[in-house]
Amino acid sequence: MIPEADLNSFFRVTESDADLYLAIYAATKKIEKDEMQTTDDDLLAGEIQVEGTATNAQFIGSAVFKEGKMIGKITGEETRISSLLDNTWVTEDILTAIKDPFDERYKLSMRLSQKRKNKYRLITGNWRPIIEIEVPLFIEILSDPSMVNYAKNREKVNILKRSLTAAIEKNLTDFVAYGQEEFKGNTFNLSIPIRREFSTLREFRDFNWMYTYPDAEVKVNVSIRFGEFGRQSKLPKLEEVRD
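To convert, count from 1 in the sequence shown and add 1095; that's this note's numbering.
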């Protein structure tokens, strides 16, 4: 929930004048629970409700820099979303939960990872450039609270895949649109793969990426492969329980 950040990468991104830079966001002042407007993992430093007297420092979320100047901040959840869109970031396994498509009372806990790199494509020629991003995800379901038993039901696996694909695509697309509107840029080093779409560096500079990107149409497509599913596929019988 914090970015990979160092001084060298800060200067590299700042001097390229094409993308936004994420630095670790930290705070020592605690925000009271009744003042918070966030839920689940959608937190910033200072919003974690813990008890103790050792230290008040919290590290979660990212400070957003544009041309060397801090212009805003994003939460820990938004930082994780940004990492999924970024090929320069070595994404560790992400543990998260999402609404169970078969029973709204429950959430499915799962592990997300990226075994393959994202693919990017730029389409120009129209008044508004189009950028396509393909995000491949490998997902392991860690719980099965509604007792669906996905391992033995291919139809429900397909329903689960469609549900997860739609939910994750919406999260990624909403974050991209938020960055375009709020920060007038992207936080996931998008200009690096897009430069390969141009024959020369001069063509890329003439495209004026920082000026053009906020108005571009960005389409995010998620492809999912499943690993293992939750182990508990049926309710245990009382006589099977042992002390």
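Glycine included, each C-beta is placed from N, C-alpha and C at the ideal position.
Proximity below 9 angstroms, CB of Thr-1268 to CB of Lys-1314: Contact: yes.
Runs of alpha helix (DSSP H) lying entirely within the stretch 1213 to 1301, each at least 4 residues, in chain order: The stretch 1213 to 1301 contains, as complete alpha helix (DSSP H) runs of 4+ residues, the segments 1249 to 1273, 1286 to 1289 (chain order).
Terminal residues of the alpha helix (DSSP H) in which Gly-1306 lies: The sequence as given places Tyr at residue 1306; Gly does not occur at that position. Note, Tyr-1306: alpha helix (DSSP H), 1304 to 1307.
Gly-1322, enclosing alpha helix (DSSP H) - first and last residue: Premise fails: Gly-1322 is in no alpha helix (DSSP H) and is neither H nor E.
7 angstroms Cβ shell around Asp-1338 - same chain, five flanking residues per side excluded: Interpretation of Asp-1338 is limited by its pLDDT of 46, a score under 50 that renders its predicted location unreliable; the figure taken from the coordinates is listed afterwards. Counting only residues of its own chain and dropping the five nearest sequence neighbours on each side, Asp-1338 has no CB closer than 7 angstroms to any other CB.
CA-to-CA distance, Met-1242 to Ser-1286, given in whole angstroms: The alpha-carbon atoms of Ser-1286 and Met-1242 are separated by roughly 44 angstroms.
Ordered list of alpha helix (DSSP H) runs contained in the stretch 1147 to 1214, each at least 4 residues: Within the stretch 1147 to 1214, the alpha helix (DSSP H) runs of at least 4 residues that lie entirely inside it are, in chain order, 1171 to 1179.
Cβ neighbour criterion (16 or more within 10 Å) applied to Thr-1170: Counting other Cβ atoms within 10 Å of its Cβ, Thr-1170 reaches 16 or more and is therefore classed as buried.
At least 3 beta-carbon pairs within less than 8 angstroms: the stretch 1248 to 1258 vs the stretch 1214 to 1227: Flag = no, the stretch 1248 to 1258 and the stretch 1214 to 1227 do not touch.
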